[in-house]
Amino acid sequence: MPYNHTAFEKKWQQYWLTNKTFAAIEPAEAGDMPKAYVLDMFPYPSGAGLHVGHPIGWLATDIFSRYLRMKGTNVLHPMGWDAFGLPAEQYAIKNNVHPAVTTKTNIANFRRQIQMLGMSYDWDREVDTTDPTYYKWTQWIFLQLFNSYFDPIEKKARPISHLVNELENGNFVVGPDGSIKNNPTQEGMEAISGQVGLERGWAELTVEEKNEVLAGQRLAFTDEAPVNWCPGLGTVLSNEEVIDGKSEVGGFPVERRPMRQWMLRITAYADRLIADLDALQWPESLKEMQRNWIGRSVGAEIDFEIDNAAIDDVITVFTTRPDTLYGATYMVLSPEHALVEKITTAEQREAIGAYRAQAAGKSDRDRMADAKDKTGGFTGAYAINPINDEKIPVYIADYVLTGYGTGAIMAVPAHDDRDFEFATKFGLPIKLVVADPSGSPVAAPFIGEGVAVNSPIIDGLPTEQAKDKIIAALADEGVALKTVKYKLRDWLFSRQRYWGEPFPIVIDADGMAHAIREAELPLVLPEMTDFKPTGTPEPPLSKIEDWVNVEQLFFDDKGDSFTRHMRRETNTMPQWAGSCWYYLRYIDPHNPNRFVDPEKEKYWMPVDLYIGGVEHAVLHLLYARFWHKVLFDLGHVSTPEPFNKLVNQGLVLGEMEYHTVEETPRKVSEDDITRHGDSYVLKANPSQKVKAETFKMSKSRGNVVNPDEIVNDYGADAFRLYEMYLGPIESQKPWNTRDIIGMSRFLSSTWNNLVGEEDKPVKIDAIAIPEAVDRQMHRTIKKVAEDIECLRFNTAIAELIKLNKEVGALEVVPRELAENFVLMLAPFAPHLAEEIWSRLGHTKSLARRPWPTVDPAKLIEASMEIPVQVNGKIRDKIVIAADADEDTVVAAAMSAEKVKPWLVDKTIRKTLYVPKRMVNFVVG
RNA sequence: CCGGGCGUGGCGAAAUGGCAGACGCAUCGGACUUAAAAUCCGAAGGUGUAACAACCGUGUGGGUUCGAGUCCCGCCGCCCGGACCA
Numbered sequence: 003m004p005y006n007h008t009a010f011e012k013k014w015q016q017y018w019l020t021n022k023t024f025a026a027i028e029p030a031e032a033g034d035m036p037k038a039y040v041l042d043m044f045p046y047p048s049g050a051g052l053h054v055g056h057p058i059g060w061l062a063t064d065i066f067s068r069y070l071r072m073k074g075t076n077v078l079h080p081m082g083w084d085a086f087g088l089p090a091e092q093y094a095i096k097n098n099v100h101p102a103v104t105t106k107t108n109i110a111n112f113r114r115q116i117q118m119l120g121m122s123y124d125w126d127r128e129v130d131t132t133d134p135t136y137y138k139w140t141q142w143i144f145l146q147l148f149n150s151y152f153d154p155i156e157k158k159a160r161p162i163s164h165l166v167n168e169l170e171n172g173n174f175v176v177g178p179d180g181s182i183k184n185n186p187t188q189e190g191m192e193a194i195s196g197q198v199g200l201e202r203g204w205a206e207l208t209v210e211e212k213n214e215v216l217a218g219q220r221l222a223f224t225d226e227a228p229v230n231w232c233p234g235l236g237t238v239l240s241n242e243e244v245i246d247g248k249s250e251v252g253g254f255p256v257e258r259r260p261m262r263q264w265m266l267r268i269t270a271y272a273d274r275l276i277a278d279l280d281a282l283q284w285p286e287s288l289k290e291m292q293r294n295w296i297g298r299s300v301g302a303e304i305d306f307e308i309d310n311a312a313i314d315d316v317i318t319v320f321t322t323r324p325d326t327l328y329g330a331t332y333m334v335l336s337p338e339h340a341l342v343e344k345i346t347t348a349e350q351r352e353a354i355g356a357y358r359a360q361a362a363g364k365s366d367r368d369r370m371a372d373a374k375d376k377t378g379g380f381t382g383a384y385a386i387n388p389i390n391d392e393k394i395p396v397y398i399a400d401y402v403l404t405g406y407g408t409g410a411i412m413a414v415p416a417h418d419d420r421d422f423e424f425a426t427k428f429g430l431p432i433k434l435v436v437a438d439p440s441g442s443p444v445a446a447p448f449i450g451e452g453v454a455v456n457s458p459i460i461d462g463l464p465t466e467q468a469k470d471k472i473i474a475a476l477a478d479e480g481v482a483l484k485t486v487k488y489k490l491r492d493w494l495f496s497r498q499r500y501w502g503e504p505f506p507i508v509i510d511a512d513g514m515a516h517a518i519r520e521a522e523l524p525l526v527l528p529e530m531t532d533f534k535p536t537g538t539p540e541p542p543l544s545k546i547e548d549w550v551n552v553e554q555l556f557f558d559d560k561g562d563s564f565t566r567h568m569r570r571e572t573n574t575m576p577q578w579a580g581s582c583w584y585y586l587r588y589i590d591p592h593n594p595n596r597f598v599d600p601e602k603e604k605y606w607m608p609v610d611l612y613i614g615g616v617e618h619a620v621l622h623l624l625y626a627r628f629w630h631k632v633l634f635d636l637g638h639v640s641t642p643e644p645f646n647k648l649v650n651q652g653l654v655l656g657e658m659e660y661h662t663v664e665e666t667p668r669k670v671s672e673d674d675i676t677r678h679g680d681s682y683v684l685k686a687n688p689s690q691k692v693k694a695e696t697f698k699m700s701k702s703r704g705n706v707v708n709p710d711e712i713v714n715d716y717g718a719d720a721f722r723l724y725e726m727y728l729g730p731i732e733s734q735k736p737w738n739t740r741d742i743i744g745m746s747r748f749l750s751s752t753w754n755n756l757v758g759e760e761d762k763p764v765k766i767d768a769i770a771i772p773e774a775v776d777r778q779m780h781r782t783i784k785k786v787a788e789d790i791e792c793l794r795f796n797t798a799i800a801e802l803i804k805l806n807k808e809v810g811a812l813e814v815v816p817r818e819l820a821e822n823f824v825l826m827l828a829p830f831a832p833h834l835a836e837e838i839w840s841r842l843g844h845t846k847s848l849a850r851r852p853w854p855t856v857d858p859a860k861l862i863e864a865s866m867e868i869p870v871q872v873n874g875k876i877r878d879k880i881v882i883a884a885d886a887d888e889d890t891v892v893a894a895a896m897s898a899e900k901v902k903p904w905l906v907d908k909t910i911r912k913t914l915y916v917p918k919r920m921v922n923f924v925v926g
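Numbering (the working numbering), first residue to last: 3 to 926.
Take a look at the structure:
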């Protein structure tokens with residue numbers, strides 16, 4: 003019988019499932035086995051099913067996991083479904099099916115496709131974010147956030163009850179703006195924020211005021227703020243979900259509008275999210291993306307008084323270059339700045355009003371498009387530069403953003419590109435205050451660091467020192483403060499959609515949010531037939547009056563119950579909620595009492611290897627780290643970071659496409675073209691140039707390859723090998739169905755070499771392995787193991803192909819060689835490996851058979867081949883005993899046939915011998 | 001514009017500063033076949049030669065080194081990310 007994948011692939015997949023071959027061993031039974039948590043990014047089960055690009059990362063972790071099991075490691079390798087989300091809902095609306103139904107079908111299809119590839123998941127741990135037994139705990143974690151605040155001294159989350167205690171004990175007081183600060187009457191306390199002298203003690207507040215104060219501290223809170231409203235999707239979106247002013251899903255325009263929304267206080271964690279990146283084994287580029295997204299910048303806030311006795315407000319600006327303060331020749335407020343109204347003079351009122359209206363009408367996208375052309379208007383007001391009491395004009399312009407810093411800047415046109423453009427256009431003075439340290443002249447705008455000039459108190463100081471001195475000088479007068487600003491905004495956490503987790507929150511008549519009791523979880527998403535968006539910011543769930551209105555049970559301090567009429571929160575959570583913690587649920591997926599058992603969590607966490615796409619760099623990966631840190635602070639998990647090592651798999655592109663280079667390019671087949679010089683041309687018409695390109699796989703382009711077909715034609719093992727053989731896991735590479743045949747041939751040849759024909763089976767005997775093959779075998783064992791550990795699957799496969807050739811040359815195959823070969827092949831082509839293994843007489847799966855051992859003594863060769871160079875150019879090679887000493891090697895090298903002519907009449911100035919590597923004669 | 005990464009045969013790619021192109025596809029030649037497919041064996045970077053030799057070759061120009069695909073600097077091109085963030 004020749005190699006025929008259909009004869010046994012299904013059989014082994016069934017065997018693995020039935021025998022739970024890949025079940026992780028529970029910590030209590032694992033003894034002293036090392037553990038490895040190998041995690042994949044779980045998919046959103048879309049209606050379209052998988053394309054061949056999806057499983058490439060999953061295959062990598064699968065091979066890695068299979069290898070580790072053979073190395074005696076207790077491996078946790080699970081899979082699940084991130085099944086809440088917009089596409090399911092949109093599909094449901096369009097086709098009038100309930101999203102629960104399509105989700106179920108899609109999951110079944112995804113599971114079938116994944117199992118068809120022979121993945122070694124522990125299927126008993128499968129999670130589904132839309133399952134109430136799962137999202138019960140998503141809601142529970144939300145309540146942890148709701149019931150916590152960020153302690154700015156300890157820099158960590160703590161239960162809100164701790165804050166209440168501190169307030170009741172009088173350690174903290176409440177400022178006039180509702181802020182919390184240390185009680186200045188207490189010994190050794192320093193104020194956190196807010197104006198001193200207007201504080202009130204906790205006991206002085208009404209119940210409503212107390213609720214307000216606490217609401218302002220919670221990690222999950224509601225806020226009326228300008229948000230990204232997407233009319234096309236009928237929901238608001240987080241900053242991370244908006245790309246270039248359009249929704250990431252669907253590409254609909256997004257507008258800013260103020261709405262009351264749930265926010266998560268991720269900004270409190272900005273510093274820790276940056277600092278903890280350092281210790282992680284993540285791609286440097288990805289860490290950099292997170293750092294940029296968080297956008298930490300250190301600078302100073304400086305107050306400018308307004309030159310008008312009737313106005314006592316000050317304009318506070320944020321700058322990273324306080325050293326350029328002497329060069330501030332004007333100021334700019336964002337058009338939306340709160341003081342614009344107040345400071346604008348009567349003469350300028352009309353023009354400023356018009357400019358503000360125009361700016362308000364511009365989308366973020368327009369603003370970006372116009373970035374180069376600076377616009378703005380003069381308010382008529384002047385401010386006083388606190389360092390030299392100069393009077394400078396105050397402008398408004400939309401190049402200053404409301405959302406960043408203080409929404410106001412001091413403009414230093416000599417040392418900032420944008421200020422320079424604006425000053426040039428509006429004819430404002432430009433004053434150089436930083437010089438090149440070398441003394442060479444500079445022209446405005448000069449952006450870099452240097453030494454201060456024309457700046458009396460800091461002249462001659464380098465930028466860093468100048469900054470500190472300026473801040474110190476102004477801080478004495480209370481008009482400057484060293485501060486840190488972030489680009490990161492709090493996470494907008496509510497969506498006006500149906501298909502998501504309901505918030506475990508009820509709202510009283512005053513609009514105050516209250517948690518429902520833990521015993522009421524899960525709060526199940528109610529059934530409804532009309533879940534279309536309402537077209538207004540009112541969420542679909544608001545249509546179910548019965549569900550929305552609730553007599554909520556509460557318990558008072560004495561433990562007596564009472565009920566109050568409340569309305570349920572009708573927003574739902576965003577898709578990211580479920581994926582923020584799924585890796586924790588895998589550890590203990592059926593626990594009805596806790597989201598994860600603490601002992602099990604301690605054993606398995608952190609994740610040892612996480613492979614997934616780079617598209618989650620600032621979404622899932624930032625959100626999950628944030629939630630994890632909150633859970634860590636509250637003592638629910640044992641590690642400060644969830645994912646220790648992370649690898650981004652590269653995209654699989656569609657097949658290479660060829661287009662003629664002309665006004666209307668025609669698609670041509672590879673058979674129609676030929677190479678001419680360094681470009682392609684048409685065979686039929688060599689003057690017609692042809693361009694080769696690759697594209698992302700997409701339905702619209704029609705270049706999607708379906709794994710069902712590939713597996714059907716070539717088998718799962720060939721598919722697995724091909725994907726891994728494409729190239730390094732991290733790099734982007736094009737698919738080419740034609741190339742799969744190579745892997746198919748390899749598998750077929752393996753079959754022929756170890757099984758053979760029905761009537762002419764291969765002879766396998768317990769004989770010694772011939773020396774040369776033995777050496778090759780040990781080399782392969784070493785190389786394949788190293789390659790798998792470093793995720794270099796392509797070179798590991800190349801090594802197996804080489805060894806297979808040697809096996810094929812033998813009359814009788816030694817049993818040890820056959821078995822070792824099969825074991826090494828197993829992580830890559832597990833079906834074929836299991837099949838041969840069983841034909842070799844084994845009755846149990848090889849999944850936990852030990853990986854073959856390398857005998858270092860067997861790696862040593864009797865002789866070695868050494869290249870001989872003359873002046874760095876290779877002239878000959880010599881073969882010599884492996885233990886030959888330097889003199890022997892050099893002597894042999896010198897007398898090598900093709901070397902001699904190059905040494906004639908020359909003096910050898912230098913002889914280099916790199917042991918076992920090469921000889922080089924430098925002659926002159 | 002800023003940040004990061006990458007440029008090696010016809011294609012996917014290998015190569016701790018030490019034999020460039022392992023391994024696979026495609027190609028060409030041979031075997032088997034009436035023939036084709038499949039399969040097996042072999043060849044192959046370019047120029048050059050009867051064959052050797054020799055010369056040239058890792059985007060491009062420099063540099064470091066006995067020796068550079070690999071390290072350093074400039075340029076060109078491609079990819080990814082960010083982008084009026086003060």
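Every residue, glycine too, gets a C-beta built ideally from N, C-alpha and C.
Inset, instruction - Say whether the segment 295-313 touches the segment 479-490, bearing in mind that this needs 3 or more beta-carbon pairs closer than 8 Å, one atom from each stretch. - result: yes
Legend entry - Residues of its chain near residue 610, where Cβ-Cβ distance is below 7 Å and the 5 sequence neighbours each way are ignored: The residue labelled residue 610 in the question sits at position 608 within the first sequence. Around residue 610: 38, 39, 40, 646 and 647.
Inset, instruction - Please name the residue in 828, 825 and 756 whose C-alpha comes closest to that of residue 811. - result: The residue you call residue 811 lines up with position 809 of the first sequence. That would be 756, whose Cα lies nearest to the Cα of residue 811.
Inset, instruction - Look at residue 259 and residue 228 and say whether their C-beta atoms are less than 8 Å apart. - result: Position 257 of the first sequence, counting from 1, holds the residue named residue 259. Position 226 of the first sequence, counting from 1, holds the residue named residue 228. Yes. Within cutoff.
Legend entry - 8 Å Cβ cutoff met for residue 334 and residue 411: Indexing the first sequence from 1 puts residue 334 at position 332. Indexing the first sequence from 1 puts residue 411 at position 409. Yes.
Inset, instruction - Decide if residue 16 is buried, meaning its Cβ has at least 16 other Cβ atoms within 10 Å, or exposed. - result: Working through the first sequence from its first residue, we reach residue 16 at position 14. It counts as exposed.
Inset, instruction - Name the one or two DSSP bridge partners that residue 318 has. - result: Here residue 318 refers to the residue found at position 316 when the first sequence is read from its first residue. According to DSSP, residue 318 bridges with 305.
Inset, instruction - Report yes if the C-beta distance between residue 72 and residue 850 is below 8 Å; otherwise report no. - result: Looking up residue 72 in the first sequence gives position 70. Looking up residue 850 in the first sequence gives position 848. Cβ distance < 8 Å, so residue 72 and residue 850 count as in contact.
Inset, instruction - Please check the pair residue 731 and residue 652, which I expect to be a contact at CB under 8 Å, by giving their CB distance rounded to whole angstroms. - result: For the purposes of this step, residue 731 is taken as the residue at position 729 of the first sequence. For the purposes of this step, residue 652 is taken as the residue at position 650 of the first sequence. Their Cβ separation, rounded to whole angstroms, is 7 Å, which keeps residue 731 and residue 652 in contact under 8 Å.
Inset, instruction - Please work out which residues of its chain come closer than 7 Å, Cβ to Cβ, to residue 192, disregarding the five sequence neighbours upstream and downstream, and give them in chain order. - result: Within the first sequence, residue 192 is the residue found at index 190, counting from 1. Caution applies to residue 192, whose pLDDT of 48 falls short of 50 and renders its modelled position unreliable; the model cannot decide the point.
Legend entry - Limits of the unbroken alpha helix (DSSP H) element including residue 751: For the purposes of this step, residue 751 is identified with residue 749 of the first sequence, where counting begins at 1. Counting along the chain, residue 751 sits inside the alpha helix (DSSP H) bounded by residues 742-756.
Legend entry - Buried or exposed by the 16-neighbour rule on C-beta atoms within 10 Å, applied to residue 313: As a position in the first sequence, residue 313 is number 311, starting the count at 1. Looking at its Cβ environment, which holds fewer than 16 other Cβ atoms inside 10 Å, residue 313 is exposed.
Legend entry - Option in 723, 818 and 354 with minimal Cα separation from residue 767: Numbered from its first residue, the first sequence carries residue 767 at position 765. That would be 818, whose Cα lies nearest to the Cα of residue 767.
Inset, instruction - Kindly indicate which three-state DSSP category residue 482 falls into: helix, strand or coil? - result: If you number the first sequence from 1, residue 482 lands on position 480. Three-state DSSP puts residue 482 in a strand.
Legend entry - Of the residues 447, 544 and 324, the one placed nearest residue 431, counting alpha carbons only: Within the first sequence, numbered from 1, the residue matching residue 431 stands at position 429. Residue 447 is the option with its Cα nearest to residue 431.
Inset, instruction - Assign residue 671 to one of two classes, buried (16 or more other C-beta atoms within 10 Å of its C-beta) or exposed (fewer than that). - result: On the first sequence, position 669 is the one that residue 671 refers to. Counting Cβ neighbours within 10 Å, residue 671 comes out exposed, since fewer than 16 surround it.
Inset, instruction - Starting from residue 251, follow the alpha helix (DSSP H) in both directions and report where the run begins and ends. - result: Taking the first residue of the first sequence as 1, we reach residue 251 at position 249. From DSSP, residue 251 is part of no alpha helix (DSSP H); its letter is neither H nor E.
Inset, instruction - Enumerate in chain order the residues of its own chain whose CB-to-CB distance from residue 606 is below 7 Å, with the five nearest sequence positions on each side excluded. - result: Here the question's residue 606 lines up with position 604 in the first sequence. Answer for residue 606: 37, 39, 78 and 589, listed in chain order.
Inset, instruction - Put residue 647 into one of helix, strand or coil per three-state DSSP. - result: Locating residue 647 in the first sequence gives position 645, where the first residue counts as 1. The answer is strand: DSSP assigns residue 647 an E or B state.
Inset, instruction - Could you check what DSSP says for residue 390 in three-state terms: helix, strand or coil? - result: Locating residue 390 in the first sequence gives position 388, counting from the first residue. Note: residue 390 maps to coil in three-state DSSP.
Inset, instruction - Report yes or no: do three or more beta-carbon pairs, one from the segment 219-228 and one from the segment 149-156, lie closer than 8 Å? - result: yes
Inset, instruction - Tell me whether the beta-carbon of residue 806 lies closer than 8 Å to the beta-carbon of residue 726. - result: Within the first sequence, numbered from 1, the residue matching residue 806 stands at position 804. Within the first sequence, numbered from 1, the residue matching residue 726 stands at position 724. No, they are not a contact pair.
Legend entry - residue 911, DSSP secondary structure in three states: Mapped onto the first sequence, residue 911 falls at position 909. Looking at residue 911 - three-state DSSP - the assignment turns out to be strand.
Legend entry - Euclidean distance between Cα positions of residue 864 and residue 833: Translated into positions along the first sequence, residue 864 becomes position 862. Translated into positions along the first sequence, residue 833 becomes position 831. C-alpha separation (whole angstroms): 38 Å.
Legend entry - 4 or more residues per run - each alpha helix (DSSP H) lying fully within the segment 822-868: Every unbroken stretch of the alpha helix (DSSP H) spanning 4 or more residues and falling wholly within the segment 822-868 is given here in chain order: 832-841.
Inset, instruction - Please state if the CB of residue 619 and the CB of residue 291 are separated by a distance shorter than 8 Å. - result: Numbered from 1 along the first sequence, position 289 holds the residue referred to as residue 291. Numbered from 1 along the first sequence, position 617 holds the residue referred to as residue 619. Yes, the Cβ-Cβ distance between residue 291 and residue 619 is below 8 Å.
Inset, instruction - Taking residue 695 as the reference, give the member of 702, 669 and 712 with the closest Cα. - result: Position 693 of the first sequence, counted from the first residue, corresponds to residue 695. Ranking the options by Cα distance to residue 695, first place goes to 669.
Inset, instruction - Please list, in chain order, all residues of the same chain as residue 869 whose beta carbon is under 7 Å from its beta carbon, the five residues on each side excluded. - result: Numbered from 1 along the first sequence, position 867 holds the residue referred to as residue 869. Here the set comprises 876, 879 and 920.
Inset, instruction - Tell me, to the nearest whole angstrom, how far the beta carbon of residue 85 is from that of residue 132; I am working on the premise that it is less than 8 Å. - result: As a first step, residue 85 must be located in the first sequence, where it is residue number 83. As a first step, residue 132 must be located in the first sequence, where it is residue number 130. Residue 85 to residue 132, Cβ: 4 Å. Contact.
Legend entry - Beta-carbon spacing of residue 723, residue 639 below 8 Å: Taking the first sequence and counting its residues from 1, one reaches residue 723 at position 721. Taking the first sequence and counting its residues from 1, one reaches residue 639 at position 637. No.
Inset, instruction - Alpha carbon to alpha carbon, how far is residue 886 from residue 918? Give it in angstroms, no decimals. - result: Here residue 918 refers to the residue found at position 916 when the first sequence is read from its first residue. Here residue 886 refers to the residue found at position 884 when the first sequence is read from its first residue. Roughly 9 Å between the two C-alpha positions.
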